[in-house]
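Engineer: Handing you this structure, nothing more for now.
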Amino acid sequence: MGSITEAIGKRTAELSHDGRDVAITLAVCLFLATLTTGLRFWLSRRRRPLFSMPESMTLASLVLLAHYLTAFLQLLFYSYAVATYLILTIGHGGYPTSQTQSWRLTFTLKCVYYLRLAYATGLGLVKCSILIALFRSLAASSKAARHAILVIMAVCISWSLGATLISLLNCRPLSYNWNLQHSEGHCINRNAAFMAVSIIDVVTNAAILILPLPRIIRTKITRPEKLVMISLLILGLFVVAITAVRTVTIARTDFSAINDHGKMISIWTTVEWTVALMIANSPVLWPLLDWLAPFHSMENAPVDTNMTTSEQFDYVIVGGGTAGCVLASRLKQYNSSLSILLIEAGPDASNHPLVPDGSKATQLLGSELDWTYETVPQIHLSDRVLSNHAGKALGGSTTINSGGWMRGAKEDYDLWASLVGDSRWSYQGLLPYFRKLEHHFDPSADPEVHGFDGPIKTETVSSTGRRYPLRQLVQEAWNSIGVTYNPDINSGSPYGLAEVVENRENGMRQMSSSIYLLDVEIMTKTLVKRVLVEERGSQKVAIGVVLEDKDESQIMARQEVIIAAGAYRTPQLMMLSGIGPAEELRAHGIDVVLDLPDVGRHFADHVAVSQWWQLKHPENGLAIGSPAFTDPAFFRGNPIDFVALDSVPLDGFRQALAKDDPNCNPDEHPLITSQRVHVEIFAVYVAHNAQDPSIAVDGTHITTGVSCMLPTSRGSIKLADRDARSAPRIDPNYCATEADRYVLREGLRRLREVLCDTPAGQEMIVSETVEEKYLPLGPDTDDEAIDDLIRRRAATLYHPTGGACMGKVVDSDLRVKGIEGLRVVDASVIPTPLSTHIQACVYALAEQAADIISGVCRV
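Numbers given in my numbering equal positions in the sequence shown, counted from 1, plus 6.
In structure tokens, the structure reads:
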């Protein structure tokens, strides 16, 4: 009896020791799985960008967590079963001594069996999810890639089914899996099936780890980042190699002795699964590694700026902003064999704490993600110097803008097409690209007008559940003066009162660098000094760019250099490259490559006049700053309901146009001959950017804006010096024409009428709040007093266009006139002002540019 007791004690001690090791391993892995899942959901809830990771990775984390909980239950049940079996069987012929004890053992083993089935199924789901996510992120959306995804899905599902079938068919009858006293039970030799399933297991794990390697090797990222990434993958491959050895060892082991290897089998299996998933889902861990390396996307990782001077690409795109990201993504998608370099002067902003939340847009102005340009003194605005913001980051102004999503009026685009003699730039010509871009918020909308599967999600005040308290009164006030509701501002006919549309997803920002897969080489924090142009006989050909670094590194373009640096920087870069007005270039000591007088000319921008209005009942929580303005939905977008878009009285407008140009026939002016949106008027439920510091953001005031949407004033972009690091000399020449001032005056008068003369307006507003020594606008305020208000208050709406106008600087294929291999793709090519917030137009322009360029790509 002593020997039996000693045997029981010895075996129990062995199992206890092994069980402790396995339990510790499982506990650590469970903690890591829980951490991964928790971070994933926390970041997802805060809408932090996660390497553009598909949401299938969230499912993978969830399933893995459930997977480990199942494993813990298995361990508990199995430990209980072994202990029961040992204590009851040693010395009793190998079987329990009572029916109750037998039932307990059978029930416990049955639980273990079903948990194993759930375990195998969960692992199959995890691997399927990971592999699909990896293939979607690493492969272009081609037919071959889609087939590859289906094959991988089939492999993973087969693996899961195979593991399940082995569990089901291992012992006959099925109950023999948990009832070892079954008189006729037997189990088959599992080695062959075990080997087959294990091989698939090892191969899929290896695929998870190997697939990202080419991307990491090809992408030139900072050394600490590359070291961390490759170290993780090597660790994973080491674990997979050990697993392969373990698999062969188990397959050669006699089943009767399998328990002797149970500890290492359990530990290595657990570690293998954990490492594989943690690496595949590693983006959620990057916030913990910020001390070592910046947070970057594997898709959007910036390359090392210390590139060799002999580096060559098919296309070099200068400017990783709105247009640049779209263009790079589409060109690569259309032809995966192309080598493309995207150069951006700013950083990758995906980890910036203020970027994801669209409501934080105003806090980004003046930040490190903003060029923070200043104009020259504006002589028609009391010589004021105005701040003109533009995004300085991968994604450009989509990283800092307010997200307005408006196409504009059909007539604007038709005029554009008429000016350049190319119908592709008409409204109908661009409509397919507007649809291609769009994931429209209303699935019942007309599919001839809107798109529903594009990368850019749109939403309105209503679709996000924002019901601002002043909504009904604002609508009633406008309706009472004859401005009626327009249900679709993006139909090509935006006239009337319409809900504001934003390219947000539940209030969160969508950057062009995130919503377009950037499977290209990227350089961030890299400024281009000039474009290299070579003379080949009678032709001038752009062959590359020179970087603004100590070595003046050169990067060559085999096919084209494409400038997408934005309306401010593109004209500057062209002039720094010797392409522009000869007189301007010589004044700064720049050799003239091509005298192109219109570079930097025809610059236009929207100017708006702000006013602040004291609310009648601020205690009702009507504006930001009020303690009662607390509904979380209010902050899922800009605090605004409507925008009013309308024309001005044409008689006065004709007189203004004639005053600006006595030789013109106003009746033939394009701003007269068809219905046009001359003015935009809006109310924002916050005392926004008040120039009067006495107006606090306390919920007592709202802000209104009146904007001249089709300005006739034209400004310029010139060089401040020959240094690419300097800001250009920006002169928008705001309000230089009587026509622009007339539009603003009429808009201000109409707004005053809405807020002060209508019953709904009087219910909202006490009065206009103005600076000391000035009077609020009244029904009899004369033109000079309103012009004085314009001079004091007018500021930009940040919609710059022109400077490299189509038809003058570039042709309708966006090729720079007189230079082969050089194009411009950004807002600087827009030849006429558009009565819209230009973001949507720039996206559509870049989409069409990608089609134009891909049609002539030399493969």
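Yeah, the Cβ is synthetic: ideal placement off N, Cα and C, and Gly gets one too.
Determine whether the beta carbon atoms of residue 438 and residue 521 lie at a separation below 8 Å.
Structural biologist: As a first step, residue 438 is located in the sequence shown; it is residue number 432 there, counting from the start. As a first step, residue 521 is located in the sequence shown; it is residue number 515 there, counting from the start. Result no, Cβ atoms of residue 438 and residue 521 do not sit closer than 8 Å.
Engineer: Shorter than 8 Å from the beta carbon of residue 318 to some beta carbon of chain B?
Structural biologist: Included in the structure is just one protein chain, with no chain B present.
Engineer: Ignore the nearest five residues each way along the sequence and tell me which others in residue 326's own chain have a CB closer than 6 Å to its CB.
Structural biologist: What you label residue 326 is simply residue 320 of the sequence shown in a count that begins at 1. If you ignore the 5 residues before and after residue 326, its C-beta comes within less than 6 Å of the C-beta of 348, 350, 400, all in its own chain and listed in chain order.
Engineer: Judging by CA-CA distance, which residue of 627, 500, 472, 727 is the nearest neighbour of residue 866?
Structural biologist: Since the first residue shown for the chain is 7 and the last is 865, residue 866 is missing from the structure and cannot be characterised.
Engineer: Within this structure, are the beta carbons of residue 3 and residue 634 separated by less than 8 Å?
Structural biologist: Because the chain is modelled from 7 through 865, residue 3 falls outside the range shown and cannot be assessed.
Engineer: Using only the alpha-carbon positions, how far apart do residue 338 and residue 523 sit?
Structural biologist: As a first step, residue 338 must be located in the sequence shown, where it is residue number 332. As a first step, residue 523 must be located in the sequence shown, where it is residue number 517. Each residue's alpha carbon lies about 9 Å from the other.
Engineer: For residue 619, which three-state DSSP category applies?
Structural biologist: The residue labelled residue 619 in the question sits at position 613 within the sequence shown. Residue 619 falls in the strand class under three-state DSSP.
Engineer: Is there contact between the segment 457-472 and the segment 743-755, where contact requires at least three CB pairs shorter than 8 Å?
Structural biologist: With contact defined as three or more Cβ pairs closer than 8 Å, the segment 457-472 and the segment 743-755 are not in contact.
Engineer: Taking residue 406 as the reference, which of 355, 419, 433, 448 has the closest Cα?
Structural biologist: Position 400 of the sequence shown, counted from the first residue, corresponds to residue 406. Cα-wise, what sits closest to residue 406 is 355.
Engineer: With DSSP run on the structure shown, which of helix, strand or coil describes residue 426?
Structural biologist: On the sequence shown, position 420 is the one that residue 426 refers to. Reduced to three states, the DSSP call for residue 426 is helix.
Engineer: Does the pairing of the segment 796-804 with the segment 380-397 give three or more beta-carbon distances under 8 Å?
Structural biologist: yes
Engineer: In chain order, what residues of the same chain have a beta carbon less than 6 Å from the beta carbon of residue 410, not counting five sequence neighbours either side?
Structural biologist: Reading the sequence shown from its first residue, position 404 is the one you call residue 410. These residues qualify, in order along the chain: 843.
Engineer: List the residues that DSSP assigns as beta-bridge partners of residue 445.
Structural biologist: Here residue 445 refers to the residue found at position 439 of the sequence shown. Per DSSP, 458, 463.
Engineer: In three-state terms, what does DSSP make of residue 714?
Structural biologist: Here the question's residue 714 lines up with position 708 in the sequence shown. In the structure shown, residue 714 falls within a strand segment according to DSSP collapsed to helix, strand and coil.
Engineer: Sort out for me which residues DSSP pairs residue 348 with in a bridge.
Structural biologist: Position 342 of the sequence shown, counting from 1, holds the residue named residue 348. 323, 528.
Engineer: CB-CB under 7 Å to residue 712, same chain, minus the five flanking residues each way: which ones, in chain order?
Structural biologist: For this step, residue 712 is matched to residue 706 along the sequence shown. Hits under 7 Å: 614, 615, 685, 687, 750, 753, 754, 757.
Engineer: Thinking C-alpha only, which one of 361, 344, 381, 674 is nearest residue 804?
Structural biologist: Translated into positions along the sequence shown, residue 804 becomes position 798. Distance from the Cα of residue 804 is smallest, within the candidate group 361, 344, 381, 674, for 381.
Engineer: Which same chain residues end up closer than 7 Å to residue 591 when comparing Cβ atoms and leaving out the 5 residues on each side of it in sequence?
Structural biologist: In the sequence shown, residue 591 corresponds to position 585, counting from 1. Contacts found: 581, 584, 598.
Engineer: Out of 840, 766, 469, 424, point me to the one whose CA is closest to residue 718's CA.
Structural biologist: Indexing the sequence shown from 1 puts residue 718 at position 712. Among 840, 766, 469, 424, the Cα nearest to that of residue 718 belongs to 840.
Engineer: Which residue wins for smallest C-alpha separation from residue 760, given the options 434, 702, 650, 353?
Structural biologist: Mapped onto the sequence shown, residue 760 falls at position 754. The shortest C-alpha separation from residue 760 is found at 650.
Engineer: Figure out for me which residue from 483, 808, 709 has the closest Cα to the Cα of residue 609.
Structural biologist: The residue given as residue 609 occupies position 603 in the sequence shown. Taking only the C-alpha atoms, the option nearest residue 609 is 808.
Engineer: What three-state label does DSSP hand residue 626 in the structure shown?
Structural biologist: Mapped onto the sequence shown, residue 626 falls at position 620. Reduced to three states, the DSSP call for residue 626 is helix.
Engineer: So for residue 507, helix, strand or coil by DSSP?
Structural biologist: Within the sequence shown, the letter at position 501 stands for residue 507. Looking at residue 507 - three-state DSSP - the assignment turns out to be strand.
Engineer: Identify the residues that DSSP records as bridge partners of residue 802: which are they?
Structural biologist: Here residue 802 refers to the residue found at position 796 of the sequence shown. DSSP, once it has assigned bridges, lists 613 as partnering residue 802.
Engineer: Could you check the C-alpha separation between residue 822 and residue 528 for me, to the nearest Å?
Structural biologist: Within the sequence shown, numbered from 1, the residue matching residue 822 stands at position 816. Within the sequence shown, numbered from 1, the residue matching residue 528 stands at position 522. Spanning the two alpha carbons is a distance of roughly 24 Å.
Engineer: On the three-state DSSP scale, how would you describe residue 860?
Structural biologist: What you label residue 860 is simply residue 854 of the sequence shown in a count that begins at 1. Reduced to three states, the DSSP call for residue 860 is helix.
Engineer: From what residue to what residue does the beta strand (DSSP E) around residue 535 run?
Structural biologist: As a working mapping, residue 535 is identified with position 529 in the sequence shown. Looking at the DSSP string, the run of the beta strand (DSSP E) that includes residue 535 is 534-542.
Engineer: Hey, how far is the Cα of residue 828 from the Cα of residue 333?
Structural biologist: Translated into positions along the sequence shown, residue 828 becomes position 822. Translated into positions along the sequence shown, residue 333 becomes position 327. Rounded to whole angstroms, residue 828 to residue 333 spans 14 Å at the Cα level.
Engineer: Closest by CA to residue 653, which one among 502, 447, 772, 457?
Structural biologist: As a working note, residue 653 is residue 647 in the sequence shown. Comparing Cα positions, the closest option is 502.
Engineer: Suppose contacts are defined by Cβ-Cβ distances below 8 Å. Is residue 579 in contact with residue 569 by that definition?
Structural biologist: Taking the sequence shown and counting its residues from 1, the one referred to as residue 579 is at position 573. Taking the sequence shown and counting its residues from 1, the one referred to as residue 569 is at position 563. It is a contact, given that the beta carbons lie within the stated cut-off.
Engineer: Should residue 3 and residue 691 be called a contact, given that it needs their Cβ atoms to be closer than 8 Å?
Structural biologist: Outside the displayed range of the chain (7 to 865) lies residue 3, so it cannot be described from this structure.
Engineer: For residue 470 versus residue 513, is the C-beta distance shorter than 8 Å?
Structural biologist: Here residue 470 refers to the residue found at position 464 when the sequence shown is read from its first residue. Here residue 513 refers to the residue found at position 507 when the sequence shown is read from its first residue. Yes.
Engineer: Are at least three pairs of beta-carbons, each pair with one atom in the segment 617-624 and one in the segment 763-776, less than 8 Å apart?
Structural biologist: yes
Engineer: Would you mind listing the beta strand (DSSP E) stretches within the segment 667-754 that are 3+ residues and don't spill past its ends, in chain order?
Structural biologist: 685-690, 707-714, 722-724, 735-737
Engineer: Tell me the DSSP secondary structure of residue 452 in three-state form.
Structural biologist: Within the sequence shown, residue 452 is the residue found at index 446, counting from 1. Residue 452 falls in the coil class under three-state DSSP.
Engineer: Residue range of the beta strand (DSSP E) that residue 413 falls in?
Structural biologist: For this step, residue 413 is matched to residue 407 along the sequence shown. DSSP places residue 413 outside any beta strand (DSSP E), giving it a letter other than H or E.
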